[in-house]
Amino acid sequence: MVASQGLSGPAALPALYRAVQAARLYPDSKTLADMPLAAPPDEVAAAFAALELPEAPEQRRDALARFCARWLLPAGSDVLPAAAPQLGAGPPPGWLPLVQDPEIRQWAAELYRTWGALVRQAAPGAAAHPNRHSLLVPPGTEGAPFVMPSANRFREQYYWDTLFSLQGLLVCGLVELARSVLETMLAAVEAYGHMPNGMRSYYLNRSQPPLLSQMVAAVHAAAPDPALLRRALAALQREHAHWTAGAKQVVLLGADGRQHRLSRYCADWDQPRPESYREDVATAEGLDEAAAKQLWRDLASAAESGWDFASRWLGDGRSLASCRTTTVVPADLNAMLYQAECNIAVFAEELGEAAVAASFRQHAAARLAATDALLWDAGSSQWRDLLLGAAEAPGQPGSGPSAAGTAAGGGSRASPEHLTPPQAGGQAAAAAMLIEGCASAGGPEGEQLAAQLAQQYLDTAHAAWRQSGRMHEKFDALHAGAPGGGGEYACEDGFGWTNGVALRLLQRYGWRTGLFARRPLSTAAMRRSLFAAALALCLLGLARAQAPPGFDCSQLPNDWGQDQDQNNNNNNNDNEPWQALATAPGQNVFSQVYNTFLSRYGSNPPSGWETSCNWTAAAVGCQQNYGWGQWTGMNQALQINYTCGNNMLGMIADVNFNDNYVNVDDLDVFALWVNGELQAGSNIDENSLAWWEGNNDVWGQFYNLMQENDNNNNNDNNNNNNNNNNNNNNNNNNNNNNNNNNNNNNQNQNNNNQNQNNNNNNN
Numbered sequence: 001m002v003a004s005q006g007l008s009g010p011a012a013l014p015a016l017y018r019a020v021q022a023a024r025l026y027p028d029s030k031t032l033a034d035m036p037l038a039a040p041p042d043e044v045a046a047a048f049a050a051l052e053l054p055e056a057p058e059q060r061r062d063a064l065a066r067f068c069a070r071w072l073l074p075a076g077s078d079v080l081p082a083a084a085p086q087l088g089a090g091p092p093p094g095w096l097p098l099v100q101d102p103e104i105r106q107w108a109a110e111l112y113r114t115w116g117a118l119v120r121q122a123a124p125g126a127a128a129h130p131n132r133h134s135l136l137v138p139p140g141t142e143g144a145p146f147v148m149p150s151a152n153r154f155r156e157q158y159y160w161d162t163l164f165s166l167q168g169l170l171v172c173g174l175v176e177l178a179r180s181v182l183e184t185m186l187a188a189v190e191a192y193g194h195m196p197n198g199m200r201s202y203y204l205n206r207s208q209p210p211l212l213s214q215m216v217a218a219v220h221a222a223a224p225d226p227a228l229l230r231r232a233l234a235a236l237q238r239e240h241a242h243w244t245a246g247a248k249q250v251v252l253l254g255a256d257g258r259q260h261r262l263s264r265y266c267a268d269w270d271q272p273r274p275e276s277y278r279e280d281v282a283t284a285e286g287l288d289e290a291a292a293k294q295l296w297r298d299l300a301s302a303a304e305s306g307w308d309f310a311s312r313w314l315g316d317g318r319s320l321a322s323c324r325t326t327t328v329v330p331a332d333l334n335a336m337l338y339q340a341e342c343n344i345a346v347f348a349e350e351l352g353e354a355a356v357a358a359s360f361r362q363h364a365a366a367r368l369a370a371t372d373a374l375l376w377d378a379g380s381s382q383w384r385d386l387l388l389g390a391a392e393a394p395g396q397p398g399s400g401p402s403a404a405g406t407a408a409g410g411g412s413r414a415s416p417e418h419l420t421p422p423q424a425g426g427q428a429a430a431a432a433m434l435i436e437g438c439a440s441a442g443g444p445e446g447e448q449l450a451a452q453l454a455q456q457y458l459d460t461a462h463a464a465w466r467q468s469g470r471m472h473e474k475f476d477a478l479h480a481g482a483p484g485g486g487g488e489y490a491c492e493d494g495f496g497w498t499n500g501v502a503l504r505l506l507q508r509y510g511w512r513t514g515l516f517a518r519r520p521l522s523t524a525a526m527r528r529s530l531f532a533a534a535l536a537l538c539l540l541g542l543a544r545a546q547a548p549p550g551f552d553c554s555q556l557p558n559d560w561g562q563d564q565d566q567n568n569n570n571n572n573n574d575n576e577p578w579q580a581l582a583t584a585p586g587q588n589v590f591s592q593v594y595n596t597f598l599s600r601y602g603s604n605p606p607s608g609w610e611t612s613c614n615w616t617a618a619a620v621g622c623q624q625n626y627g628w629g630q631w632t633g634m635n636q637a638l639q640i641n642y643t644c645g646n647n648m649l650g651m652i653a654d655v656n657f658n659d660n661y662v663n664v665d666d667l668d669v670f671a672l673w674v675n676g677e678l679q680a681g682s683n684i685d686e687n688s689l690a691w692w693e694g695n696n697d698v699w700g701q702f703y704n705l706m707q708e709n710d711n712n713n714n715n716d717n718n719n720n721n722n723n724n725n726n727n728n729n730n731n732n733n734n735n736n737n738n739n740n741n742n743n744n745n746n747q748n749q750n751n752n753n754q755n756q757n758n759n760n761n762n763n
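Mapped onto the UniProt record's numbering, the consecutive letters of the sequence shown carry residue numbers 1 to 763.
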C-alpha cells in the first residue's frame with residue numbers, strides 16, 4: 001500500500017506532505033490535509049522537486065511557507081456558505097410544546113438559528129478538479145447543502161455525527177435540509193461503496209458506526225417518499241456488504257462448534273493518518289516497519305469506531321502505542337449492524353421486495369445468534385467485546401445493544417470506558433445512545449431513567465450556553481458547562497451533534513416537567529450519575545438471563561421505610577413487611593450492607609461504634625419521592641443510612657428481594673453529615689466524589705471528622721448548628737433542651753423530615 005492510495009490534494013504528494021508536516025508549519029495536521037492545490041498535482045510535485053530546501057530549520061521552514069503560499073490555497077476555501085432550505089428567522093410556530101421556561105425557549109431558538117452557520121456547499125472547483133482537493137463531492141451533489149459539525153476544524157460532512165444533527169434538523173422542521181444531507185450520504189455510498197468517515201479523500205479508507213439506516217428511517221418517517229426509500233434500500237444493501245466482507249468480517253466457532261460471522265472495525269490503511277500525521281508518526285516512534293504499519297491500521301480503525309480513543313481499544317488502557325482495535329470484536333458495532341439488518345428488512349417489505357426482506361431477516365437472526373453465542377457473558381449477564389485470541393474481553397459497551405433493539409429485559413452492567421471523564425462523559429453521541437437504550441429497553445423504569453439522564457444532559461448543555469454562548473463538541477463531566485479535554489485537537493464549538501441531541505431531548509422530554517423535574521446536578525453528581533446510569537441501563541435493558549422474581553412495590557404501604565430501623569422500630573405502627581423481606585434468617589439486609597461496605601471502602605469502624613450507631617433504611621426504589629430512587633427508577637434500590645448520634649453516612653444499595661431472600665449487589669456512598677452538617681455530598685460539594693475515591697478507609701474518615709468536630713465545638717453549639725443546617729425545627733432559637741430533643745428524634749428515629757432532607761440533598 002502506497003501512502004497516496006485513494007488520496008487527493010496535498011496528501012497525495014508524499015514528499016511535500018512529509019516535509020511540511022515535519023516543519024510544523026501548521027499547528028494542526030489537518031490544516032495541510034484540507035488545503036486545495038492551486039495547480040494540477042503533477043505541476044505542484046514538479047515545483048517541489050525543483051525546490052532547494054536549506055538545512056537550517058528556520059530557513060527551511062520559511063522556504064516551505066513561501067512554497068505553500070504559492071502552490072496551496074487556504075484550508076476551507078473549498079466549501080462555501082449555503083442557504084438552508086426552510087430555515088427562517090425563528091423556529092416554527094408551536095414547536096417544543098413541553099418547554100415553557102422563557103430562557104430555555106430562547107436557548108432553543110438560538111440553537112435553531114445555529115444551523116444557518118453550519119450549512120455549506122462544495123465550491124465549484126472541488127467538483128471540477130477533484131484531484132486538487134481532498135473534499136469529496138459525489139456525483140449529483142454539486143451545490144447541494146450539507147451540515148458540518150462546526151465552522152472551524154471540521155470543514156466537511158461526517159458519518160455518524162450526522163444522525164444526531166439530522167434528528168435536530170427534523171425537530172426544527174427542516175425536512176428539506178435533512179433530506180439533502182441524507183441524499184449526499186446515499187450518493188457517497190453509491191460512488192465509493194460505503195459512507196466514509198467524513199467527506200474527505202483521506203477518510204475513504206475507513207467508515208464510521210453504521211447508522212445510515214436510522215437516518216433513512218428518520219427522514220422517511222418525517223416525509224415518506226417511496227422513490228427515496230428505494231434508492232436508500234439499494235445503498236444500504238451495498239453498505240451492508242462493505243461491513244460483512246473482507247477484513248471487516250470475522251469467522252469464529254462457538255462453544256457448540258458452530259460457525260458464526262460477526263464484524264469488527266478494520267481500516268484499509270497502514271500509514272499515518274493524514275489529518276493526524278505528526279501524532280501518528282510520534283506514536284509509532286521506535287517500532288519496526290511491520291509493527292508501525294499494524295499500529296497505524298489500529299489507530300485508523302479506532303477512528304473508524306467513533307470512540308477515538310477509548311480505553312477499550314488500548315492494550316494497557318492508557319497509551320495509544322498499545323492500540324489494538326482490529327483484535328476486538330465490538331458488541332455495539334454488531335448491535336448497530338443488527339439494527340441495520342432489521343431496518344433493511346422493514347424497508348424492503350414496505351417496497352414489496354419480499355426476497356430482500358426475508359434475506360435480511362435471516363441476516364439479523366444469524367447476527368443475533370452469533371452475538372449471543374460469542375459475546376454474551378452469562379457470569380456477568382451482559383454482552384461484552386470479544387478480544388480475538390484472548391480469554392478476557394477488553395470492555396463491555398454500555399448502550400449499543402439495548403439502543404439497537406437487541407435487549408430482552410433483565411439486567412447487566414455497562415463499560416465505563418467511553419464514559420470516562422473528562423472527554424467522553426459529556427459527548428452527545430454517548431448521552432443520546434445511553435438515553436435511547438434506557439427508553440427503548442427498560443420499560444417504565446427505563447423511561448424514567450432516560451428522562452433523568454436527558455435532564456442532566458440538558459443541564460450541562462444549557463450551562464455551557466449560559467457561560468460562553470457556545471455549544472461544545474463534548475463536555476467536561478467534572479466541570480458543568482466546560483468544554484471537554486483530551487484527544488488530538490482542541491475541543492470544537494458549534495456543534496452539530498450537541499445541538500441536535502439537545503433539541504431532540506427538549507422535544508421528547510421538555511424541561512423539568514412533571515415527575516422528572518430536578519435541580520441542576522453538580523459536576524461531581526453528573527460524573528457519578530453518568531457512570532451509575534451506564535450500570536443502570538444494562539440492569540434495565542441488556543440481560544438475557546432470567547432475573548429472580550422482582551419485589552412488588554405494591555406490597556408496601558406508602559410510608560414504608562420512613563421509620564424502619566434494624567430493631568424493627570415502627571413509629572406509625574403499620575403492619576409492614578420489613579421483617580419478612582429484610583431480616584430473613586441469615587439474610588439481614590443491614591448485615592449484608594455492612595459487609596459490602598467493609599469490602600468496598602476499607603477497615604472496620606473504631607471499637608465501640610456498634611453500641612451508639614444504628615442502621616436505617618428507606619425503600620427509595622419503591623417510593624419515587626425518596627432520594628436516588630427517583631432517578632434510578634429501580635424497585636430494588638434502598639437508601640441505607642448509618643447514623644451515630646447526629647452523624648450520618650448515606651449510602652445507596654442495589655438489593656434483590658426474592659421471597660424472604662435478600663441480596664445486596666452493590667453499594668455506593670453518596671453523602672456524609674457530621675453533627676447534622678453536610679460535609680460531602682453528590683450534588684453539594686464538587687470535590688465530594690474525589691474525596692470518597694481518594695480515601696479507602698471511609699469508616700476511618702467518618703470517625704476522624706466526627707472526632708475533629710467534637711474537639712472544636714461544644715455540645716450546645718453542635719446542637720444549634722444541627723438545627724440550623726437540617727431545618728428540623730420551625731424556628732431557630734437557643735433552647736438547647738428542645739433542640740437536642742428534636743434533633744435526637746430526627747436522627748435516631750430516622751423520621752420523615754430527615755429522610756425528606758436526604759432526598760432534597762440527593763436531588
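From the three backbone atoms N, C-alpha and C, an ideal C-beta is built for every residue, glycine too. Note that the structure is predicted; figures quoted are calculated from it, not measured.
The stretch 90-99 contacting the stretch 181-198, beta-carbon criterion three pairs below 8 Å
The stretch 90-99, when compared against the stretch 181-198, does not touch it at the 8 Å Cβ threshold.
Measuring only the C-alpha atoms, how far is ALA19 from GLN59?
Approximately 13 Å between the Cα atoms of the pair.
Could you tell me which residues DSSP pairs with HIS260 in its beta bridges?
According to DSSP, HIS260 bridges with LEU252.
So HIS133 and ALA144 are in contact, right, with Cβ under 8 Å, and what is the actual spacing, rounded?
Between ALA144 and HIS133 the Cβ distance is about 16 Å, and since that is not below 8 Å, they are no contact.
Tell me the rounded alpha-carbon separation between residue 765 and ALA364.
Outside the shown range of the chain, which is 1 to 763, sits residue 765, and nothing can be said about it.
In the DSSP assignment, the beta strand (DSSP E) including VAL181 goes from what residue to what residue?
Unbroken run through VAL181 is the alpha helix (DSSP H), 175-192; no beta strand (DSSP E).
Secondary structure at ARG24, three-state DSSP: helix, strand or coil?
In the structure shown, the three-state DSSP call for ARG24 is coil.
Please state if the CB of ASP34 and the CB of ARG200 are separated by a distance shorter than 9 Å.
Cβ distance < 9 Å, so ARG200 and ASP34 count as in contact.
Excluding the 5 residues flanking PRO81 on each side, which residues of the same chain have their C-beta closer than 6 Å to its C-beta?
Closer than 6 Å at Cβ, skipping near neighbours: no residue.
Inter-residue Cα distance where the pair is LEU537 and ALA451
With a pLDDT of 35 at LEU537, under the threshold of 50, the modelled position of this residue cannot be trusted; read the value that follows with caution. ALA451 has its alpha-carbon roughly 12 Å from the corresponding atom of LEU537.
Sequence ranges, alpha helix (DSSP H) only - wholly within the stretch 275-322, length at least 4:
Taking 4 residues as the minimum length, the alpha helix (DSSP H) runs contained wholly in the stretch 275-322 are 277-283 and 289-305, in order along the chain.
In terms of DSSP beta bridges, what is GLN121 paired with?
In DSSP, GLN121 forms a bridge with LEU80.
What is the DSSP secondary structure of ASP372, counted as helix, strand or coil?
In the structure shown, ASP372 adopts helical secondary structure according to DSSP, grouped into three states.
Sequence-distant residues of its chain with Cβ nearer than 6 Å to GLU341 (five each side left out):
Around GLU341: PHE360, HIS363 and ALA364.
Pull up the DSSP beta-bridge partners for TYR158, would you.
According to DSSP, TYR158 bridges with GLY198.
Throw me the rounded Cβ distance for the SER29 and TYR203 pair, which I believe falls under 8 Å.
With a Cβ gap of about 14 Å, SER29 and TYR203 do not count as contacting.
When you compare each of GLN448, THR184, PRO92 and ALA292 to VAL147 by their alpha carbons, which one comes out closest?
Closest option to VAL147, judged by alpha-carbon separation, among GLN448, THR184, PRO92 and ALA292: THR184.
Closest by CA to GLU436, which one among TYR509, GLU55, ARG367 and GLY379?
Comparing Cα positions, the closest option is TYR509.
Considering only residues of the stretch 432-468, which uninterrupted alpha helix (DSSP H) runs meet the minimum length of 4 residues and lie entirely inside it, listed in chain order?
Counting whole runs of 4 or more residues, the stretch 432-468 contains the alpha helix (DSSP H) stretches 443-468.
So MET501 packs on ALA432, CB below 8 Å; how close in whole Å?
According to the sequence displayed, residue 501 carries Val and not Met. Indeed, because the Cβ distance is near 5 Å, the residues count as touching under 8 Å.
For ASN343, the first and last residue of its enclosing alpha helix (DSSP H)
Per DSSP, ASN343 belongs to the alpha helix (DSSP H) from 331-350.
Using only alpha-carbon positions, find the residue among ALA187, TRP313 and GLU350 that is nearest to LEU387.
Out of ALA187, TRP313 and GLU350, the CA that lies nearest to the CA of LEU387 is found in TRP313.
By how many angstroms is the C-alpha of ARG261 removed from the C-alpha of TRP367?
With the sequence shown as reference, residue 367 is identified as Arg, and Trp is not the correct amino acid for it. Using only the alpha carbons, I get a separation of about 7 Å.
Should LEU320 go down as buried or exposed, given a rule of 16 or more other Cβ atoms within 10 Å for buried?
Residue environment: LEU320 is assigned as buried (16 or more neighbouring CB atoms within 10 Å of its CB, all protein chains considered).
So ASP225 is in the alpha helix (DSSP H); what residue range does that whole segment cover?
Here ASP225 belongs to no alpha helix (DSSP H), and DSSP marks it neither H nor E.
Rounding to the nearest angstrom, what Cα-Cα distance links TYR17 and TRP296 in this structure?
The alpha-carbon atoms of TYR17 and TRP296 are separated by roughly 17 Å.
Any C-beta of chain D under 9 Å from that of ILE344
The structure shown contains no chain D; it holds only a single protein chain.
Quick one: residues in its chain with C-beta nearer than 7 Å to the C-beta of THR325, no 5 flanking neighbours on either side, listed in chain order?
In the same chain as THR325, and ignoring 5 residues on each side of it, the C-beta atoms closer than 7 Å to its own belong to TYR265, ASP298, SER301, ALA302, SER305 and TRP313, in chain order.
Span of the alpha helix (DSSP H) holding SER29?
Counting along the chain, the alpha helix (DSSP H) containing SER29 begins and ends at 29-33.
Pick helix, strand or coil for ASP42, following the three-state DSSP scheme.
In the structure shown, the three-state DSSP call for ASP42 is helix.
Inspect the CB distances between the stretch 213-233 and the stretch 166-183 and report whether three or more fall short of 8 Å.
Verdict: yes, contact present.
Based on the DSSP secondary-structure assignment, which residues constitute the bridge partners of PRO383?
For clarity, residue 383 is Trp in the given sequence; the question names Pro instead. Paired residue(s): TRP376.
In whole angstroms, what separates the C-alpha of SER468 from that of THR460?
So the two alpha carbons sit approximately 12 Å from each other.
In terms of DSSP beta bridges, what is PHE146 paired with?
According to DSSP, PHE146 shares a beta bridge with ARG120.
Sort LEU64, LEU37 and ARG273 by Cα distance to ALA50 and report the nearest one.
Answer by Cα proximity: LEU64.
Closer than 7 Å by C-beta to ALA15: which residues in its own chain qualify, once you throw out the five before and the five after it? Chain order, please.
Same-chain partners within the cutoff: PHE48.
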